[in-house]
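In the order they appear, the protein sequences are chains A, B, C and D. Going letter by letter, the first sequence gives residues 464 to 598 in our numbering. Going letter by letter, the second sequence gives residues 464 to 598 in our numbering. Going letter by letter, the third sequence gives residues 464 to 598 in our numbering. Going letter by letter, the fourth sequence gives residues 464 to 598 in our numbering.
Protein chains: 4
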Amino acid sequence: MLTYDAKIRTRYGETDKMGVIYHANYINYYEIARTEMLRSTGLYSYDEMERDGVMMPVVEIESKYLMPAYYDECLTVRVTVREPPTARITFHYEIYNEKRELLNTGRAVLVFISVKSGRPCRPPKKLIDCFKEYF
Amino acid sequence: MLTYDAKIRTRYGETDKMGVIYHANYINYYEIARTEMLRSTGLYSYDEMERDGVMMPVVEIESKYLMPAYYDECLTVRVTVREPPTARITFHYEIYNEKRELLNTGRAVLVFISVKSGRPCRPPKKLIDCFKEYF
Amino acid sequence: MLTYDAKIRTRYGETDKMGVIYHANYINYYEIARTEMLRSTGLYSYDEMERDGVMMPVVEIESKYLMPAYYDECLTVRVTVREPPTARITFHYEIYNEKRELLNTGRAVLVFISVKSGRPCRPPKKLIDCFKEYF
Amino acid sequence: MLTYDAKIRTRYGETDKMGVIYHANYINYYEIARTEMLRSTGLYSYDEMERDGVMMPVVEIESKYLMPAYYDECLTVRVTVREPPTARITFHYEIYNEKRELLNTGRAVLVFISVKSGRPCRPPKKLIDCFKEYF
């Protein structure tokens with residue numbers, strides 16, 4: 464299992480007229496957190512992976528909103544990979560505010576697609592290496 | 464059951480470097496579709512409801528991405544309410560492109576909150592009236 | 464001179480905690496309006512132009528915010544081209560709400576870039592044709 | 464004169480189908496940079512200011528795009544205040560990539576509005592204090 468805590472400060476443009484962070488932005492936070500998790504391994508980055516010819520479109524999103532987030536909060540987006548990547552990879556999420564209150568839980572499923580062919584492919588070896596020691 | 468087909472043209476700023484519509488934008492499309500559905504009843508609008516003191520935060524989102532959407536496509540976002548609103552209301556979604564290909568399916572669950580107290584409340588009578596004849 | 468009035472309904476996710484449309488969204492509205500203007504000529508679309516190998520990055524934006532826009536308003540984004548395109552093209556903007564109040568004025572300057580070479584190029588003949596009869 | 468260098472990592476959802484950061488996002492970067500500048504003084508934050516009853520809507524934006532920014536770059540958004548705030552405050556911007564190339568220059572003018580009355584007001588004393596020693 465690999466867990467990483469990404470810190471994301473909420474932006475003014477992400478608020479809505481209810482005075483809270485608009486719900487669709489959490490889906491962006493999910494993406495930032497998994498990108499930062501990958502970078503934190505020191506072995507690979509999502510950007511390098513795309514340049515290596517593999518992209519990872521999202522095929523499934525699930526999100527539960529428990530409490531609102533507010534402007535200028537420094538959120539902790541905890542992302543966890545529980546199983547090694549196969550044809551797909553699942554990221555699990557928990558978002559906390561600075562008081563350590565759980566605001567949101569979620570899940571994102573991504574697949575591996577060859578940039579060249581547009582067809583499903585295996586996860587790159589470098590990506591598998593990122594996760595190897597955690598399973 | 465109440466079904467409504469909202470037409471949404473994809474925007475340049477909604478594309479990403481994969482050349483497709485970035486997945487988080489579908490969550491915005493869901494919101495636009497349910498707003499337009501409500502307006503289409505001719506009886507109420509989401510904006511009026513907020514001015515009447517009731518807001519509807521999202522508590523759950525689910526989204527499955529089957530095929531990509533592209534820039535400048537005119538998508539049909541079909542939104543369906545299958546059951547009358549209680550303490551919550553569930554919207555079901557299907558998104559089609561102009562070739563009638565199914566791109567995405569999803570679900571959004573919203574609750575009713577009093578703007579004044581910030582606490583859960585009943586759905587406004589006017590909202591119930593919108594759906595009355597369909598169940 | 465070519466003028467076109469695009470109708471854009473403001474979205475919930477575009478509001479901010481001041482209760483108004485967040486200012487950066489106007490820059491998106493500018494883009495939608497010039498796209499719709501081009502489509503309205505019946506001769507060309509921005510999407511076709513990119514497929515023909517020419518893209519139009521923005522090199523300059525100016526925007527003055529006079530009055531706020533609110534959620535669920537149907538804005539009129541008036542876009543005007545005052546001079547035929549050369550190496551660049553300038554779009555002038557005025558945004559009105561439903562009461563015909565002027566909310567915003569602006570300007571966007573775009574250039575023509577070859578998708579293949581990444582270098583400046585001439586405006587496509589089809590684009591020039593769109594504007595021909597107006598100057 | 465007060466200058467601050469904010470570091471902003473570009474997000475996947477901020478890219479567009481040209482493969483670069485969509486131009487409207489720079490307007491968001493401007494806002495993040497001025498917020499971080501204020502926070503960096505250790506004396507005040509924009510969030511506190513709003514809670515103190517003063518908000519700062521943008522009345523003018525200017526932006527020149529010189530070179531594109533790409534996904535996952537760590538941009539330096541240099542924000543400078545050249546004159547003490549009066550009824551308005553002007554922020555000047557320069558955005559650099561990691562190679563120290565200048566990508567963008569811009570300007571944002573903001574005014575002070577009382578949250579309660581919705582009318583122009585003076586800049587809060589705490590805000591003036593933030594800038595005092597720099598002029």
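Glycine is no exception: its CB is placed at the ideal position from the N, C-alpha and C atoms. Quick caveat, the model's predicted, so the values are computed rather than measured.
Neighbourhood of residue i by C-beta distance below 6 Å, restricted to the same chain and skipping five residues each side
i        : result
PHE598/B : PRO547
LYS545/A : Checking the sequence, you will find Arg at residue 545/A rather than Lys. Cβ neighbours of ARG545/A beyond the five flanking positions: MET464.
ARG502/A : SER508
LYS638/C : In the structure displayed, chain C extends from 464 to 598; residue 638/C sits before or after that span and is not available.
VAL522/B : VAL572 and VAL574
MET518/B : ILE576 and VAL578
HIS555/B : THR543 and ARG570
VAL540/C : ALA469, ILE471, TYR492, ALA496 and ILE558
Opposing strand residues paired with residue i [DSSP bridges]
i        : result
GLU588/C : According to the sequence as given, residue 588/C is Lys; it is not Glu. Its beta-bridge partners do not exist; DSSP assigns none.
ASN567/B : TYR528/B and ILE558/B
THR539/A : LYS470/A and TYR559/A
SER577/C : VAL517/C
PRO583/B : ILE576/B
ILE484/B : THR478/B
GLU523/C : VAL572/C and LYS527/D
ARG551/D : VAL574/D
LEU452/B : Because chain B is modelled from 464 through 598, residue 452/B falls outside the range shown and cannot be assessed.
Cβ neighbours of residue i in the same chain (closer than 7 Å, five flanking residues each side left out)
i        : result
ASP479/C : TYR485
ASP515/C : PRO587
LEU590/B : TYR507, MET512 and PRO548
GLU477/B : ILE484, TYR485 and ASN488
THR504/C : CYS593
TYR534/C : THR473, TYR475 and THR478
LYS527/B : ASN567, THR568 and GLY569
TYR510/A : The amino acid at residue 510/A is misidentified as Tyr; the sequence shows Asp. So the list is empty, once near-sequence residues are dropped.
Distance between beta carbons of residue j and residue i, contact taken as under 8 Å
i        : j        : result
GLU561/D : GLU536/D : 6 Å
VAL449/A : PRO531/A : Outside the modelled stretch of chain A, which goes from 464 to 598, sits residue 449/A, for which no answer is possible.
LEU538/D : TYR492/D : 7 Å
ILE552/C : ILE524/D : With 8 Å as the limit, ILE552/C and ILE524/D do not qualify as a contact, their Cβ atoms being about 20 Å apart.
Cut-off 8 Å between Cβ atoms - residues of its own chain near residue i, not counting five sequence neighbours on either side
i        : result
LEU529/A : LEU565, LEU566, ASN567 and THR568
ARG585/B : ALA550 and PHE575
ARG481/A : Looking at the sequence itself, residue 481/A is Met, so the reference to Arg does not match. PRO531.
Any C-beta of chain F under 7 Å from that of residue i
i        : result
THR568/D : You won't find chain F in this structure, because its protein chains are A, B, C and D.
Residue i beta carbon near the ligand MN (any heavy atom closer than 6 Å)
i        : result
THR498/A : For the structure depicted, the ligand MN is absent and the ligand set is empty, with no information on it obtainable.
To be precise: take each residue of the segment 473 to 491 of chain B, compare its Cβ to all Cβ atoms of chain A, and keep it if any distance is under 9 Å. Which residues remain?
For the segment 473 to 491 of chain B, which is checked against every Cβ of chain A, the residues closer than 9 Å are LYS480, MET481, VAL483, TYR485, HIS486, ALA487, ASN488, TYR489, ILE490 and ASN491.
Residues, ordered as in the chain, of the segment 493 to 527 of chain C that lie near chain D by beta-carbon distance below 9 Å:
Only TYR493, GLU494, GLU513, MET518, PRO520, VAL521, VAL522, GLU523, ILE524, GLU525, SER526 and LYS527 from the segment 493 to 527 of chain C bring a Cβ to less than 9 Å from some Cβ of chain D.
Does the segment 528 to 545 of chain A come within contact of the segment 496 to 512 of chain A, defined as at least 3 CB pairs closer than 8 Å?
The answer is yes - the segment 496 to 512 of chain A touches the segment 528 to 545 of chain A, with three or more Cβ pairs under 8 Å.
Closer than 8 Å is the cut-off here; do at least three beta carbon pairs connect the segment 571 to 586 of chain A with the segment 465 to 474 of chain B?
Too few Cβ pairs lie closer than 8 Å, so no.
Any residues in the segment 528 to 540 of chain D with a beta carbon nearer than 7 Å to a beta carbon of chain A? Which ones, in chain order?
Answer in chain order: TYR534 and ASP535.
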